[in-house]
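Just below is one structure, and these are the notes that go with it.
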Amino acid sequence: PGAAYERISDTTCSATTIRRRRDKWIEAGAFKELEQFCLEGYEKMVGLQLENLAVDGCITKAPCGGEAAGRSPVDRGKQGTKRSLLVEG
């Protein structure tokens, strides 16, 4: 799960507490259970057709940085953003 913990923390709950709770929920399987619940609900309402899907991704460089740009894991720490796309094929 991706979140900027500093953005969602406030005086009642620190970023450290949010990360600690997230880790406990991951260990307890809460996110897997939520994912399964959502998939079953979507299947029931819309219908999942996972046979013909195409996935692609790329790393775009961001030499000037910015809020959305973080360290690129494949370009020796230069600024960049990973973009992924999933479409029906």
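Everything in the sequence shown is counted per our numbering, starting at 225 for the first residue and increasing by one. For each residue, glycine too, the CB sits at the ideal point set by N, CA and C. A quick note: this is a predicted structure, and the numbers were derived from the prediction, not measured.
| Item | Value |
| --- | --- |
| When I232, S308 and T240 are compared against C282, the one with the closest alpha-carbon | S308 |
| D280, enclosing beta strand (DSSP E) - first and last residue | L277 to K285 |
| For A239 and K285, the rounded distance between their alpha carbons | 28 Å |
| Contacts around L272, its chain only, beta-carbon distance under 8 Å, and the 5 residues preceding and following it disregarded | L263 and Y266 |
| Separation of E259 from D280, as counted between CA atoms | 22 Å |
| Cβ pair I242, I232 closer than 8 Å | yes |
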